[in-house]
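Below is one structure, written out as structure tokens, with a few remarks after it.
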Amino acid sequence: MTDTIVLPGPSALGEEGLEPGLKLVEAIDEMRHRLKAVILAHYYQEGPIQDLADFVGDSLDLSRRAASTQAEVIVFAGVRFMAEVAKILSPDRLVLLPDAEAGCSLETACPAEDLAAYRVLHPDHLVVSYINCSAEVKALSDVIVTSSNAEHILRALPADKPILFAPDRNLGAYLARKIGRELTLWPGACEVHDSYSLASLARLKKEHPGAPLAAHPECPRIILEQADHVGSTRSLLEFATKSPAAEIIVATEPHILHQMARLAPDKRLIPLVGRDGDPGGPVCPYMAKNTLAKLYLCMLNQAPRVEMPADLIARARLSLERMLQMSPK
Ligand code: 13P
Ligand code: SF4
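Sequential numbering from 931 applies to the sequence shown in the numbering used here.
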């Protein structure tokens, strides 16, 4: 458990409605019990949030947890599409998101009306969408995938049907190479993973000769071609834990290093530098919107809450349930 964080006061943090000196970690814990809430967190959340969460995971594991929870309230420490998935799979639960503005560049890259138009123009295509998309896009998709089940699901789809893969062109291109099948790619990208450069990788490789590169498949091909291991956040974590290497270069959002350092304390973990040049690696600005203070406030105010029309939930649920059925156990 993290040390208790004492909040200096609302003016210093710019947060409304917090008592000065409130012990945030303890207050969140008390509120979690009072609301019978479960706190789910993605590996890209700041360390103190990961430490107090009931469960930390990748997108697939978080979806499964949200679908099976007995808690009355789901507090989603992640981004909006993840909290939407929780609401779609557990519609009778109250789902809270600490910051309503926690979006995703992949979600923005694929407006539902454009995908609907694509479907009209290509009625023969199967639409496979990465889970990083809006609920409307899920409702327009045949099946949803995450980075940990995409290869398995794509291999199970009929060979005679053309496939549109949306919205991540890097992940889609990686999968097409992996399964040896042509995929039409939607032109979206994760602004974090797409920002890695070969120049910074070459520099790190020189400084740390022999350190393997573990990369998320949202990275561009030019990075993935240099990788010793490619996988979802959970898979990268497993690689870091099991690899005999003393040093590992990590090409994914750097907050995962918090969990890697916990599970592989003997390893030196080196974040790959992005276009912003930050030696700590490129932080996801959407994931970073969540803070301990906002986590507490969302439970206190029971807002922002994820609400969506029942018909949208029903339509989006079909492609998500197909994903859960088709995923490896
Ligand atoms: P996973 O945790 O499923 O690998 O997803 C990574 C990601 O970019 C989430 O936004
Ligand atoms: Fe979206 Fe990339 Fe941030 Fe994940 S890391 S939420 S894919 S912008």
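Where a beta carbon is used, it is the ideal one built from N, C-alpha and C, also for glycine.
Here the structure is a predicted model, which means the values were calculated and not measured.
Taking its Cβ as the centre, do 16 or more other Cβ atoms sit within 10 Å of arginine 1164, making it buried, or is it exposed?
Here residue 1164 corresponds to residue number 234 of the sequence shown, with the count starting at 1. The residue is buried, with at least 16 neighbouring Cβ atoms inside 10 Å.
Let me check one thing: in DSSP terms, what residues is threonine 1114 bridge-paired to?
Counting from one through the sequence shown, the residue named residue 1114 turns up at place 184. Threonine 1114 pairs with Leu1094.
Of the choices Ala1047, Ala967, Glu949 and Glu976, whose alpha-carbon is the least far from that of proline 1215?
Along the sequence shown, read from residue 1 onward, the residue named residue 1215 stands at position 285. The candidate whose alpha carbon is nearest that of proline 1215 is Glu976.
Report whether the distance from the Cβ of tyrosine 1104 to the nearest heavy atom of ligand 2 is below 7 angstroms.
Residue mapping note: residue 1104 aligns to position 174 of the sequence shown, counting from 1. Outside the cutoff, so no.
Could you check whether alanine 1119 and alanine 1039 sit closer than 8 angstroms to each other, using their CB atoms as the reference points?
If you number the sequence shown from 1, residue 1039 lands on position 109. If you number the sequence shown from 1, residue 1119 lands on position 189. Against a cut-off of 8 angstroms, the Cβ pair of alanine 1119 and alanine 1039 comes out as a contact.
Could you compute how far the alpha carbon of proline 1201 sits from the alpha carbon of glycine 1211?
As a first step, residue 1201 must be located in the sequence shown, where it is residue number 271. As a first step, residue 1211 must be located in the sequence shown, where it is residue number 281. Proline 1201 and glycine 1211: Cα-Cα distance of roughly 5 angstroms.
Under 7 angstroms: does the beta carbon of aspartate 988 sit that close to some heavy atom of ligand 1?
Numbered from its first residue, the sequence shown carries residue 988 at position 58. It does: the Cβ of aspartate 988 is within 7 angstroms (strictly closer) of some heavy atom of ligand 1.
Mind checking whether the beta-carbon of cysteine 1214 lies closer than 7 angstroms to any heavy atom of ligand 2?
Locating residue 1214 in the sequence shown gives position 284, counting from the first residue. Correct: cysteine 1214 has its Cβ closer than 7 angstroms to ligand 2.
Between which two residues does the beta strand (DSSP E) harbouring proline 1234 extend?
Here residue 1234 refers to the residue found at position 304 of the sequence shown. Run containing proline 1234: none; DSSP gives neither H nor E here.
Less than 8 angstroms between the beta carbons of leucine 1167 and leucine 1193, yes or no?
Residue numbering aside, residue 1167 sits at position 237 when the sequence shown is read from its first letter. Residue numbering aside, residue 1193 sits at position 263 when the sequence shown is read from its first letter. Taking 8 angstroms as the Cβ cut-off, leucine 1167 and leucine 1193 qualify as a contacting pair.
Looking at the structure shown, is leucine 1193 part of a helix, part of a strand, or coil, going by DSSP?
For the purposes of this step, residue 1193 is identified with residue 263 of the sequence shown, where counting begins at 1. Here leucine 1193 sits in helix by DSSP.
DSSP state of serine 1125, grouped into three classes?
What you label residue 1125 is simply residue 195 of the sequence shown in a count that begins at 1. Serine 1125: helix per DSSP, three-state reduction.
Three Cβ pairs or more, each shorter than 8 angstroms: is that satisfied between the region 945-959 and the region 984-995?
Too few Cβ pairs lie closer than 8 angstroms, so no.
Compare the beta carbon distance of alanine 983 and alanine 1007 with 8 angstroms and say whether it is the shorter of the two.
Locating residue 983 in the sequence shown gives position 53, counting from the first residue. Locating residue 1007 in the sequence shown gives position 77, counting from the first residue. Yes, Cβ-Cβ distance for alanine 983 and alanine 1007 is below 8 angstroms.
With a CB to CB cut of under 8 angstroms and the five nearest residues on each side skipped, what residues in its chain are close to alanine 1082?
Position 152 of the sequence shown, counted from the start, is the residue given in the question as residue 1082. Per the sequence shown, the amino acid found at residue 1082 is histidine instead of alanine. Around histidine 1082: Met1256, Ser1257 and Pro1258.
Looking only at its own chain, which residues have a Cβ that is under 8 angstroms from the Cβ of aspartate 1054, when we skip the five neighbours before and after it?
By one-based count along the sequence shown, residue 1054 stands at place 124. If we look at aspartate 1054 and ignore the five residues flanking it on each side, its Cβ neighbours are Lys1091 and Pro1092.
Between the C-alpha atoms of glycine 1033 and alanine 1175, what's the straight-line distance to the nearest angstrom?
In the sequence shown, residue 1033 corresponds to position 103, counting from 1. In the sequence shown, residue 1175 corresponds to position 245, counting from 1. For glycine 1033 and alanine 1175, the distance between alpha carbons rounds to 35 angstroms.
With a CB to CB cut of under 8 angstroms and the five nearest residues on each side skipped, what residues in its chain are close to alanine 1244?
Start at 1 with the first residue of the sequence shown, and residue 1244 comes out as number 314. If we look at alanine 1244 and ignore the five residues flanking it on each side, it has no Cβ neighbours.
Just checking glutamate 1148 against ligand 2 - is the residue's beta carbon closer than 7 angstroms to any of the ligand's heavy atoms?
Residue numbering aside, residue 1148 sits at position 218 when the sequence shown is read from its first letter. Yes, the beta carbon of glutamate 1148 sits closer than 7 angstroms to at least one heavy atom of ligand 2.
Counting only the same chain and skipping the five closest in sequence on each side, list residues whose C-beta sits under 7 angstroms from that of histidine 1138.
Working through the sequence shown from its first residue, we reach residue 1138 at position 208. For histidine 1138, where only same-chain residues beyond five positions count, the Cβ hits under 7 angstroms are Glu1177, Ile1179 and Ile1200.
Got a sec: does ligand 1 put a non-hydrogen atom nearer than 7 angstroms to the Cβ of asparagine 1079?
For this step, residue 1079 is matched to residue 149 along the sequence shown. No; taking the cut-off as 7 angstroms, the Cβ of asparagine 1079 has no heavy atom of ligand 1 nearer than that.
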